[in-house]
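Protein chains in written order, with our numbering: chain A, 1420 to 2097; chain B, 458 to 985.
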C-alpha cells in the first residue's frame, strides 16, 4: 500500500506540471489553484503515510520493483523503497513545497510568467520526491539531474537578466561536475555488482565482494558518490553556485536552495551510509566541517539579505554532512528536517521583506535602492509584526537556543562530533563545529537586528511599508510553529527521547570490518560521556554570539567598522567570499576557454591544413603531370609524328617510279633476308 | 520470415519506393511544384508505414549477424552469375537483403528522417524537381546500405549516396558550397576506394561450396565472409591475425571512420553541414553518419573478429578523443550550425567507445546512441534551419531573447538541446549511460576520461541556450514569427521519440538485444 501511495504522491505534482505547461494560460487564475491543490493532496497523503508508517510499521521496509530495460542478460530494475527515512523526507518535501506554493500566490502575483512558474514548481516537486522514494542509485541519479534542471529553470526564471541566466548556467554546470564524480562512482559499483539497487549493493559488499577486489576502490566509490552531494548540497569546493542561485525568485530559494534540493545531498549520503568506509566518512566529515566554517565566515560580512541566508544555508548543510561523516547519523538527518522548516521560514520571511520593500520603492519610483540590501532596511519590526516575530523564532532556532527545534538537532551534531574526537582524536571537527555555532548566532542576529531593529536608514522610505498579505504570512506562522521543539521530542533538552530518534536509526555498516567506522554502540557510549558538557558549551557559545551581535549592532558598544579593520585581510577575504569565484573563473573557466580556442585553431589549421595541404599537393602533382603530359608524352607523340613525316619525305625520294630500280631493291632485299635467316 | 506486397518483397518496396517517387517526379512538369513535393512526401511517408509494419512484425528473438536463416524479411536472388571464369571459378553477385537486430533501428531511423526531411524541404524553391529527384535517390541508397547482405550490393548503394549528396550540397548549399561538396566527395571517395580494395580482396579469398553442384563459388555474400571455413587456403585474407587481415580491417575502418566521422577524419563534416541546406544537414547528421558505425558493426566486427580484438583499444581511444575534442571544438564555435556539427562528432564518439567495449551493454548503448543521436541532431538542425529561414544568420551572437518571441519554438528546441546534453528522462541519456557503463567495464580510464565530456557538453549547450533564447530581445528580432503548423509537424514525432525512449527505452532495446548479444559473443569468441 505504501509504495502505491508514494507513487501517487510522486505523480500528482507531475500532473500539475503537464497541465500547466500546456494549458496554463487558458486556466482560470493561470492554474495556481490547480498546482497548489495537487501538491496539498500530496502533502496530506504524505502525512498519512508517515503517521501510519511510523506508528504501526516502524521497522518494516516496503519495496516494489519493475523491469525498466533488459540489456543482454542483465535486467535493469527500477523500484521504490519506503522506509522511515523516506517517509519523513516525503513530508518535508511536500510540506515546504505546499507552503511555498501558497506563499508564491502572493509573492509572484504580477509576474509575467506566473503559470510557467507554478508549472516548474510542480516539476521540481516531482523530481525531488523521486529522489526520496527511489530504491536504486541510477534512478536517484535520474531524478538528481531533473531537480538540477528545475533548479536551472527556476533560477533563470527572470532570464531577461543576464545575471539570472549566468547563475542558472553556473548552478547546472557546477552540479554537473559533482555528478560526474557520482556517475563514475555508480559505474564502479555497477561494474562489480551488476546492479544499481541499494539493497543488492549493500548485500554484495556485506558478503565480502569488493569493487575490483580492493578496499581502496570501495572507499573511492563512496567518495565519488559523495561528490554528487558535494555539488548538490553546495559543499566546499563546489559551493560557489548556491549564493548566485539567489537570482531566482525568493520562494524558490526557500524551497529549492534552502530546504529540499540542497538537502538531497545529505539524504543521499544517508541512503548510501552502509557502504561508506571509515576513510570515506572521514573525508566527508572534514568536507562538511570546512564548508561550515568557510560559509559562516562569509555570511558575517554580507549585506544582501538573501546572500547572508545563502551562506548560512551552505554552512548548515556543512553541519549535516559533518554529522553524517562522524557517525551522528540521526542528528544529521534531523538537522536536515529542522533546518528545512526554519530556513524555509527565513527565506520566506526575507521574501516578505523584499516584497514589501519592492512595493514601497516602486511606489516612490525609486529604481536605484537595492531592495535586498539590509543597510537600506532597519526598523521594520513594528511595520511587519508577523514577519518579524516569525523571523525571530527562525533566528533563535538556527542559532540553537533551547526550546527550538534547531537546538535539538544542532546540539546532537556538536555532541556527536565531540564524541567522535574522543574516539579517534580528530579534535579539529568539534572545534570547528562549536566555532561555527558561535558565528551562526552572531551573523543571524546581525541580520535580524539590521533588518528589523533600530532606526531605519531612511524614515520616509520605511513609512510606507506594510505587512504582507495573509497568503504569505500564514505559511510563515506554520513554519514558525514547526521550529519549536515539541514536534520532534517532548523533552526540549533531549532529542534522543523523541519519536524522531526512535524512528530513524543509524543503519549497520556493511563494509568489511577493518574498514568500518566505530559502531553505533561504541559511538553512543562516547556520546553519553560528553553530552551534558557539549550541551552547556553549545548554549554558552550561542548566547555569546547573540550578545556580541547585540553589542555591535543594537547597542553599538563596539564599532563594526573598527572590528572589520582590525580583522584586516581576514575581513577582506571573507567579504570577497575568499576569492573562490575569481579563482575558478581564471583557472577553470579561463583555462577551458583557452583550450577550446586552441582546439579550434588546431582543427582549422593543422588538421584541415593537412587535408587542404594534401589537396594542394595533389593539385601540384597533377599540374606537373599535366605539364608532363603536354610536353613529354604529347611531345613524344608529336615527335613520332614529325619523324614519321620526315622519314616519309626522306623515303619518298627512293620512289623513283622506275621499275628497274624497284627490281634492284627487291633482289637486294631477298638477298638480305636470305643471309639473315640462313 | 518473408513478406510480400504484390509479389514483390517488402524490403524491395522499402528501398525502391523513393526511386519510384523519383521517376514520377521526373515525369511531372517543372511548374507543378506542389505535386512534386507531395510525390516525395508520399513516397517517403509510405516508407515510414513499411518501416512500421516491419517494426510490428519483427521477431525479437532471432539472432541474425552471421546466420542467414535467422535474418528476417530476406530476399535473395542471384543477380549476376558468370560460370567458369578461368582461375576464379563461378562468379556470383546476388541481390541479397535482410534485416536483423542490428539493422532494424537504422531502417526505422532512415525512413523517419527521410520523411521529416521532405517536410522540411517544403520551402526549397530553387530547381524543385531536381532537388527532390536527387533527394529521393539519396534516401533509396541509404536505405539500401542498411538492408544489403551482399558486399557488392552494399558497395553500390554506398557509392550511390555520394552523387546526390554531392549535388545537393553543391547546388542547393550556402556560399562555400562548392568547396564543401568537393571536400565531402573526395573524403568519402578515398574511403570508397579503400572499401573497394578490401571488398575485392575478400572476394578472392572467400569461396563456398555450392551444395547443389559441388562447385567452389566465389561470393560477395557478407555472411559467407564471416565463416573462417570459407577462406581458401593460402589466399590473401585466410588465417587469423595475419598482417593482411589487419590491413584489410584498417582499410575498411578508415572508410567508416570518415563517415562517422572520427577524429582525425572529421573535417569534412563541419564544412558540409554549414553549407548544406537544412534538410540535407538533417539527413547527413541523422542518417549518413550512422552508416559509418553501422558498417563497422556489419563488416569489420564479424568478418575480422581477430583484427577487431587487436584494434579495439585503438578504436576506443579514437572514440574518446572524438568525444572530448568534438566537445571542445563545439564550445569554440560562434556559428550555431557549426556548433551542432562538432557536437555530432562528440556524440558519435560515444557510439564508438560503446561498441568498442565489446560487451552487451556497450554495444546496445552504442547502437541506441546511433538512433538517438539521429533523432536529436535532426531536431537541432531543424531548429537551426527555422531560425536561419527567418533571420538569415546563424551567428550565435546575433540572437538573444528568442524565448519571448517564439515560445513554442523555444520549448521544442530546448527539449532537443537538453536531450543532446544527456539529461535523464530524455533518450540521449539512456544510450550514453549504457555506452559508458559498457566502456567502463572494458577499459576504466578511457571511460572515465570520456565521461568528462558530459561536463563540457553541458557547458556549450547551456551557453548556446543562453545566447539564443535568454536575455533581452534585440530590436531587429522583435517581429519574429513562431513556428508554423508545418514546422511543428516535423518536430513532433521526433520529440515524442525523445521523451518516450528516454522514459522507457525497452521497445528499442528489445529489438536489438538478441542480435547484439550474439554479435558480442561472436566477436569475442574470435568468430567461431
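Think of the CB as a built atom: it goes at the ideal place given N, C-alpha and C, for glycine as much as any other residue.
Going by DSSP, what residue range makes up the beta strand (DSSP E) through residue i?
i, result
"residue 676 of chain B", "673 to 676"
"residue 1488 of chain A", "1481 to 1490"
Can residue i and residue j be called in contact, C-beta distance under 8 Å?
i, j, result
"residue 1681 of chain A", "residue 1652 of chain A", "yes"
"residue 555 of chain B", "residue 534 of chain B", "no"
"residue 1902 of chain A", "residue 1764 of chain A", "yes"
"residue 1830 of chain A", "residue 1954 of chain A", "yes"
"residue 1905 of chain A", "residue 1816 of chain A", "no"
"residue 1588 of chain A", "residue 923 of chain B", "yes"
"residue 1842 of chain A", "residue 1704 of chain A", "no"
"residue 1543 of chain A", "residue 1894 of chain A", "no"
"residue 1565 of chain A", "residue 1584 of chain A", "no"
"residue 519 of chain B", "residue 471 of chain B", "no"
"residue 508 of chain B", "residue 564 of chain B", "yes"
"residue 859 of chain B", "residue 926 of chain B", "yes"
"residue 938 of chain B", "residue 847 of chain B", "yes"
"residue 1686 of chain A", "residue 1552 of chain A", "no"
When the cut-off is 8 Å and only beta carbons count, does residue i lie next to chain A?
i, result
"residue 893 of chain B", "yes"
"residue 898 of chain B", "yes"
"residue 937 of chain B", "no"
"residue 854 of chain B", "no"
"residue 970 of chain B", "yes"
"residue 919 of chain B", "yes"
"residue 957 of chain B", "no"
"residue 908 of chain B", "yes"
Rank the options by C-alpha distance to the C-alpha of residue i and give the top, closest one.
i, options, result
"residue 915 of chain B", "B:971, B:803, B:814 and B:836", "B:803"
"residue 1736 of chain A", "A:1880, A:1684, A:1747 and A:1584", "A:1684"
"residue 1598 of chain A", "B:846, B:908 and B:614", "B:908"
"residue 516 of chain B", "B:495, B:585 and B:460", "B:460"
"residue 468 of chain B", "B:599, B:612 and B:960", "B:599"
"residue 685 of chain B", "B:674, B:739 and B:664", "B:664"
"residue 1700 of chain A", "A:1783, A:1930 and A:1667", "A:1930"
"residue 580 of chain B", "B:567, B:776, B:491 and B:570", "B:491"
To which residues of the same chain is residue i closer than 7 Å at the C-beta, ignoring the five residues directly before and after it?
i, result
"residue 974 of chain B", "817"
"residue 988 of chain B", "Outside the displayed span of chain B (458 to 985) sits residue 988 of chain B, for which this structure offers no information."
"residue 1840 of chain A", "1846, 1848 and 1849"
"residue 1721 of chain A", "1727 and 1730"
Verify the CB distance criterion: does residue i have a CB-CB separation below 8 Å to chain B?
i, result
"residue 1501 of chain A", "no"
"residue 1696 of chain A", "no"
"residue 2094 of chain A", "no"
"residue 1886 of chain A", "no"
"residue 1839 of chain A", "no"
"residue 1591 of chain A", "yes"
"residue 1488 of chain A", "yes"
"residue 1579 of chain A", "yes"
"residue 1610 of chain A", "yes"
Apart from the five residues just before and just after residue i, which ones in its own chain have a Cβ nearer than 8 Å to its Cβ?
i, result
"residue 658 of chain B", "693, 694, 701 and 705"
"residue 982 of chain B", "762"
"residue 1979 of chain A", "1971 and 1972"
In the DSSP assignment, the alpha helix (DSSP H) including residue i goes from what residue to what residue?
i, result
"residue 1844 of chain A", "Careful: residue 1844 of chain A lies outside any alpha helix (DSSP H) and carries neither H nor E."
"residue 1494 of chain A", "Looking at the DSSP string, residue 1494 of chain A is not in any alpha helix (DSSP H); the run it does join, the beta strand (DSSP E), is 1493 to 1501."
Give me, in chain order, the residues of the same chain whose beta-carbon lies closer than 6 Å to that of residue i; leave out the 5 immediate sequence neighbours on both sides.
i, result
"residue 713 of chain B", "749, 752 and 753"
"residue 536 of chain B", "550, 551 and 552"
"residue 521 of chain B", "527, 528, 557, 558 and 972"
"residue 619 of chain B", "645"
"residue 2059 of chain A", "none"
"residue 1852 of chain A", "1833 and 1836"
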